[in-house]
Each structure stands twice: as structure tokens, then as C-alpha cells.
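*Asks:*
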Amino acid sequence: MNAVATSEKQGEVGIITIDSPPVNAFGIAVREGLHGAINAFKADDTVKAIVVICAGRTFFAGADISEFGKPPQEPLLGTVFAGIEDAGKPVIAAIHGTALGGGCEFALVCNFRVSVPSAKLGLPEVKLGLLPGAGGTQRLPRIVGPELALDLMLSGRQVGANEALKLGLVDELVPEGALLEGAVAFANRVIAEGRPVTKVRDRRDQLDAVADKAPIFAAARAKAAKASRGYMAPENIIKAVEAAVTLPFDEGMVRERELFVELRDSTQSAAQRYYFFAERQGGKVPGLPADIALRNIAKVGVIGAGTMGGGITMNFLSAGIPVTLMEMTQEALDRGIGTIRRNYENSAKRGRITTDEVERCMALITPSLDMADLSDVDLVIEAVFERMDVKKDIFSRLDAVAKPGAILASNTSFLDLNEIAGATARPESVIGLHFFSPANVMRLLEIVRGEKTADDVLATSLKLAGKIGKVPVVSGVCDGFIANRIMTPRREQCEAVILEGTPPELVDKAIYGFGFGMGPFATMDLVGLDVINRSEPYRTVKQDLLDAGRRGQKSGAGYYDYDENRKATPSPLVANIIADVAAERGIPQSPPLSQDDLIARTLYPVVNEGARILEEGIAIRASDIDVACILGYNWPLYTGGPMFWADSVGLPKIVAELRRLASIHGPQFEPAPLLVKLAESGGSFTG
Ligand code: T1G
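See below:
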């Protein structure tokens, strides 16, 4: 045993308590302590049953993700679990909080599981590019059957204790706050009743319940092909469950280990484990005192009830924070509030919230047509037109009515926040809160720190981000902040290469094949070419298409032609327009680029922009850039984001290609000094 594991006896019940903040992950200290304690009780004949419980906020939350990639240290989790299985006496898992991954697998090794009703169990390894590698793929199907086991492991979703009880994942629920008492009482009953000590490994009833299992696996593969295109882990999970239903347990465990190691050693899993921590780094700002006093945000004002203002409002309503929602006209206000209600009602129809919760959220809205109504709120978020004159006017008037200490935030997506702050007498209380549309769905929140933004305003905003379920990334002030700025080169290069002779459908194929949800031209057709149309000082394909009435899918034609089912086909007319524009602009033609060359041409400049964002101090760390791209632009998670991906490609290779592109297309491709420095020194962005 050791500091994290303590043992005590209550009568014939041995109790092992593990206390390893923050989440009792199975790090080496926990494994050593638990293994030692189990062995001690195994050898103690006065102990007739063992209860394992965790202190703090949760039962074991799984393996210690930070230990992956380091040399494995005995006792491995498998060794600890073997000790449990061979204890020769009943072992009861006492569950609270979130028994996840190895924590859930631990519970499955135990002979019995008791839980408080608020606890949740799950096998989320797929989110880390892994599979449950401590017997979960072999034991879970033996309890809930292969079909539900596949659903739980492929989705990584958690199940509440009540559902777990129904599924047989938990044997008994005990009252909240009385977990240990309940578990010990359960143990004493097991002893008194002389209950047979069954092992999950020996059960086959659920495996044999369905004779023909082929359809189960076919359905799982079909679903994974859609939901997890490009990810390795789902197929390995499916293979491991196939082993569970076809092989004896021990052979199934060997197969599970093979499939787990393949994933553990993959770049995809390294990327997804990196991302797990990256999301949690975004809210950490060097130099911000941990004990800084935060401003109290009890009431929020939102100016603008349009798409963004309405979505922003919902974040606060759903977190139980009242919002005064202000618009210029009653009609706009009614429309905005109507959209909010419709959104909530749609969620209720899908069973995501109850109708009571819809009404509770709607009751938190105070409609307003007068800025004076914002005099009692603690934070105002402006979400109106992206025009500096409009924003400066609003902030100047807002400054006059908002109470002292109120935070004034802009949702601007690219305007200069310092200039906006300059329109007020409280620049220290001005900050950017850049939500991504749809604001009530997208988890990314870029928190834009102005030159004069006070530390407590920044700290308050970071805390608030967590309260409303957002993942914060702190950005300095520049055009486009982090996500929009870094992804601009991809749009620019995609639009450039079609003028050089590579058709849009090949560009879309490359970007989609890399792992983005859609190619850029298909996306523009989906969104509508007229929705975001920058006016350029030269002729563009996009403007020609708009002039020809080709506004995208909604008009039956855009970069592609669409049939009545909106099936896209390349358009000869578009090809002619592209050739025309290229000729008029004197753009040299070349054979269509290969898929690899298209990825280099369109995404290496994104990496280069990321290096510049770091050099300028706009982003605090490379992983913040990765979080912003993955959450803001659906950059494929299994690559880790542009900066992690660049490290996996190799920075010298990227520098060489950028220099080659610069020699052909001009200095905009020249690699940033930081990128060159890291490439030449063998460094990395995310190492
Ligand atoms: N390993 C290491 N650190 C972890 C961790 C883990 N498993 N889980 C959380 N942390 C850290 C986290 O980085 C943060 O640190 C702090 O704990 C609080 O986390 C063999 C191979 C448990 C639901 O995937 O889902 O088991 O930032 O901010 O919102 O088959 O953490 O404070 O320094 O998220 O209350 C499987 C991952 C692992 C669970 C709590 N397990 N964790 O959420 O707090 S692989 C998981 C979570 C495995 C086996 C396989 C959540 C949480 P810091 P937090 P939270």
C-alpha cells in the first residue's frame, strides 16, 4: 500500500480507499497501492469480502492518460485486475462520480458493483483513439450483450447509475452520501448469504442470447463508417467484440491486447490524447493569479437578437443565468425570441431537454428595446453588425448606461477590439467574446484580450466560459483572431488552385479525404455563395457565379450543378468561367495537382500562419491553435489540429515545400521564422 491507498476493516469486510486527486486515475501510485492492498486482504482469512471505494470527486476515471507514451511500469492494470479476479473472495466496487475507461473496467472485474444514483459509467476510450484495453471489450458484452456493448464503446457515452442497474452493470443503488455504508452492508449480505462469487469472464448468457450476430457487426460497421470516417479505433473495437463472441475469454483478451497496442502506438491516438489535455489548457493563462477576485456575473445583457445574439443568449439561459435581450425594433425582438423558443422546443422534441426546462429558460429572458434596461446587468455582449462605426456607437452609449464594474464584451469576429474599447471610458472592462455559429451549439469561445483588458475581466470571462459549457481559447487582437485568421490561407489557396487548372471537385476530394466534413466548394454551395462574399479588387470566380445567379444549392447551382435531390455534379459552365477568369487575370495553367500536393498547397500555409500567430503572441500556445481549428473549423481531431499535424508531418518537410511554393507563387509562402527555427533545431510546436 502507499499514501494513495488506505485499508481498514469493518468486521469481516476489508475496505480499500483510494485517494489520488484529481480523478483517481490509475497512475502507477494508484496501481501499486491498490495491488498491495488487495494482496494483503487476499492473505487475511479474517476478511471475507473486500470493498474498493475512492475518495474525492469520483471513482477511478480510467488510466492516467499522461502516462501513455512512457515506459510501462508494473504493476500494469492487467496485473492489478488479475489480483482482483483471483482474490478468492468477493470484491465489491463502490461507485460514485464517473467510473470511466479503466475505472469502469475495474468495476467489471469486481464481482459486484454498488453505486449512488448520481454516478455514471462509461468506456470513452474511443475518444482517445483507443479501445477499452483492460478487458472491457471482453467483459462488457458478457454483461449487456454485444449490440449494446458496441454502442457504448463506439459512442463512448456515459450511462447513469439507474440505467446501469437495469443493464446489470450495477447490482444495487445505495443512498447518496452513504456509499461506503451501503457497500459494506451489501458486502455483509453477500457474506451472510454465502452468495456464489461469479466472475464476469465466465458468463456467456448474454453472448449466446443472439444466435446470428453478423447483422450486429455489419450495422456497427455501417454506422462507424459514417459517424467516424477516417478514425482507426472504431474498427478495432468492433474486432475486439467479435473476438469476445467467438473466442474463449483468455484468447479474447490476447486479441484485445493486440488491437489495443495497435491503437495506442498510432499517431491518431497520440493526437487524440494530446487533444484531451489541449482542451483543458485553453483556460490557463500564464501570469494570471490563481486567486484573483472574479467579478460576479449574475445577470447578462445581449444586444442583438439575430442568429448570433439569439444563440449567445441561449448559452446563458441554459446555464440558468437571466438575460436582458435588447433589439432595435419589437419585430426583431419578437423574431429573435421566437427563434430561441423554437430551438429549445426542437431540443425537447429530441428528448434532450424537458418542456419544463424550455419554459424555465424562456422565463429568464427580459425583452428590451431600450439600452437603459441594461443598467443593472453585470456583463453586456454586443452581437450586432460587423461595422466599426456601429460598434463604437453602441459601446459609447453602453458605457454611459452600464453600471460601474460591468463587463462590456463584443462578439466581433475580426474588428479591432482595442478601437472598440477606445470608444468607452472603461477599456479595462472591455473584452471580446467571439462565439462561433451556431453559438448555442459550437463549444469554442475565443476570448479576445484587449491591450487594456484587466486581468480580473479576463479571469471572469474564462470562468464564465466553463459555466456556459464553452471551451475557451485566449486570443490577442488581430484580424480574424485565431481560428478565422489561421484558416484563411486554406480558402485562399483553394480558390487559387482552381484558377491554375485543378478543378473544384479535386480540391474538395482532397480536403474531404484529409478528414474535413466537406470540401470548401461544396461547403460554399451549401452555405450559399451570397452569404459571405468579400468584394475583391479583381474578378473572381465566385462573383461571376453570383452574377450568373448561381448562389449554391439553394439555387440549384453554384460551384456544382445540383439535381432535384441536391446531388452535385461538376459543371462545364463553371469550368468555362474558371478558365475565363484565369485567362483574364493571366494566371499560368498547370496540370491538376495530386491529392498530396493539394494538401501541401492548401494546409502548409495554415501551419505557417499558425507559426506567425505564435510569433506575434496572438495565441498563448500551439495547442490553443489546434483547439480553435478542431472546434471552430472541424479540423479532423485524429490529426490533433494543424500544429500537432505539422509536427507529425515533419517541420523540415513543410519548410522545404513552402520554400518551393514561394519560388513559384511568391513570398506569401515564405516560411515564418519560428517555423524555420523549429525545423532547423529539431524542435516542434507541440512536443
Ligand atoms: N488521466 C489523467 N488526467 C486526467 C484524466 C485521466 N484519465 N481525467 C482527467 N484528468 C485530469 C484533467 O486533465 C484535469 O487536469 C483534471 O483531471 C480534471 O479533469 C485502460 C486505456 C473524469 C469526467 O477518458 O472524462 O482508461 O487541467 O477538467 O470536467 O482501457 O476528466 O486540472 O490539470 O476534465 O470534472 C479513459 C477522461 C482513459 C476519462 C472529469 N478515461 N476524463 O471531468 O474535470 S484511457 C477517460 C474525463 C483508459 C483503459 C483505457 C473527465 C472527467 P487539470 P476535468 P471534469
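Heads up, the sequence shown is in this note's numbering, so the first residue is 114 and it goes up one at a time. Just so it is clear, CB atoms sit at the ideal spot from N, CA and C, and this is done for glycine as well.
1. Assign M600 to buried or exposed, taking buried as 16 or more other Cβ atoms, counted over all protein chains shown, within 10 Å of its Cβ.
2. When you compare only the Cα positions, how much space is there between A335 and I329?
3. Given the structure, does A262 come close to the ligand T1G, in the sense that its CB is under 7 Å from one of the ligand's heavy atoms?
4. Measure how close the beta-carbons of A353 and E369 come, nearest whole angstrom, since I'm counting them as under 8 Å.
5. Using only the heavy atoms of the ligand ZN, determine whether one of them is closer than 7 Å to the beta carbon of S179.
6. Would you list the one or two residues that DSSP bridges to D657?
7. Looking only at DSSP bridge pairs, what is E495 linked to?
8. Count the other CB atoms, across all protein chains shown, that sit within 10 Å of the CB of R539; report buried if there are 16 or more and exposed otherwise.
9. In chain order, what residues of the same chain have a beta carbon less than 7 Å from the beta carbon of I743, not counting five sequence neighbours either side?
10. Using the DSSP secondary-structure output, state which residues sit across from L546 in a beta bridge.
11. On a Cα-Cα basis, can you pick out the residue from G451, T250, S648 and A207 that is closest to A232?
12. So, under 8 Å CB-CB, V740 and A384 are touching, yes? Tell me the CB distance rounded to an integer number of Å.
13. Using the three-state DSSP reduction, which class does S574 fall into: helix, strand or coil?
14. Could you tell me which of C591, T119 and V227 sits nearest to F527, measuring between CA atoms?
15. Alpha carbon to alpha carbon, how far is A522 from S431?
16. Just the Cα atoms here: how many angstroms apart are E793 and M637?
17. What span of residues does the alpha helix (DSSP H) with C607 cover, start to end?
18. In terms of DSSP beta bridges, what is D674 paired with?
19. Whose C-alpha, out of V323, D486 and L577, is nearest the C-alpha of R408?
20. For R393, is the beta carbon positioned less than 7 Å from some heavy atom of the ligand T1G?
21. For V503, does the count of other Cβ atoms within 10 angstroms reach 16, so buried, or fall short, so exposed?
22. Could you tell me which of E289, N275, G214 and E722 sits nearest to L190, measuring between CA atoms?
23. Pull the bridge partners of K122 from the DSSP assignment, please.
24. Tell me whether the beta-carbon of C223 lies closer than 8 Å to the beta-carbon of L234.
25. What residue does the beta strand (DSSP E) around K233 start on, and which one ends it?
26. How about I507 and S542: are their beta carbons less than 8 Å apart?
27. Would you mind sorting S382 into buried or exposed? The rule is 16 or more other CB atoms within 10 Å of its CB.
28. Among G669, V126, K462 and T566, whose alpha-carbon lies nearest the alpha-carbon of N678?
29. Does the beta-carbon of P784 have 16 or more other beta-carbons within 10 angstroms, so that it is buried, or is it exposed?
30. Count the C-beta pairs between the segment 126-141 and the segment 153-166 that are closer than 8 Å, then say yes if the count reaches three, no if not.
31. As a quick exercise: from E125, L612 and A168, pick the residue whose alpha carbon is nearest that of A116.
32. Say the cut is 7 Å; is the CB of P399 nearer than that to a heavy atom of the ligand T1G?
33. Which of the three DSSP states, helix, strand or coil, is assigned to Q251?
34. Please determine whether the Cβ atom of T752 lies at a distance below 7 Å from any heavy atom of the ligand T1G.
35. Cα separation between G242 and L372?
36. In angstroms, rounded to a whole number, what distance separates the CA positions of R314 and P361?
*Replies:* From the atom records:
1. buried
2. 10 Å
3. The answer is no for A262.
4. 5 Å
5. For the structure depicted, the ligand ZN is absent and the ligand set comprises only the ligand T1G.
6. When beta bridges are read from the DSSP output, D657 appears opposite no residue.
7. I416 and S523
8. buried
9. Cβ contact annotation for I743 (same chain, cutoff 7 Å, sequence separation greater than five): Y388, L750 and G754, in chain order.
10. Bridge partners of L546: I560.
11. A207
12. That belief does not hold up - the Cβ atoms of V740 and A384 are roughly 12 Å apart, past 8 Å.
13. helix
14. Considering only alpha carbons, the answer is C591.
15. Here the alpha carbon of A522 sits roughly 20 Å from the alpha carbon of S431.
16. Distance from the CA atom of E793 to the CA atom of M637, rounded to whole angstroms, is 38 Å.
17. A596 to L612 is the span of the alpha helix (DSSP H), which, as asked, contains C607.
18. The partner list for D674 (beta bridge, DSSP) reads A670 and T682.
19. L577
20. True, at least one ligand heavy atom lies under 7 Å from that Cβ.
21. exposed
22. G214
23. G127
24. no
25. Under the DSSP assignment, K233 falls in the beta strand (DSSP E) whose first and last residues are K233 to G235.
26. Between I507 and S542, the C-beta spacing is not below 8 Å.
27. buried
28. The shortest Cα separation from N678 among G669, V126, K462 and T566 belongs to G669.
29. buried
30. Yes: the two stretches touch, three or more of their Cβ pairs being nearer than 8 Å.
31. Looking only at E125, L612 and A168, the smallest Cα-Cα distance to A116 is reached by A168.
32. No, the beta carbon of P399 sits no closer than 7 Å to any heavy atom of the ligand T1G.
33. In the displayed model, Q251 falls within a helix according to three-state DSSP.
34. no
35. Just so you know, the alpha carbons of G242 and L372 end up roughly 12 Å apart.
36. Whole-angstrom Cα-Cα distance: 9 Å.
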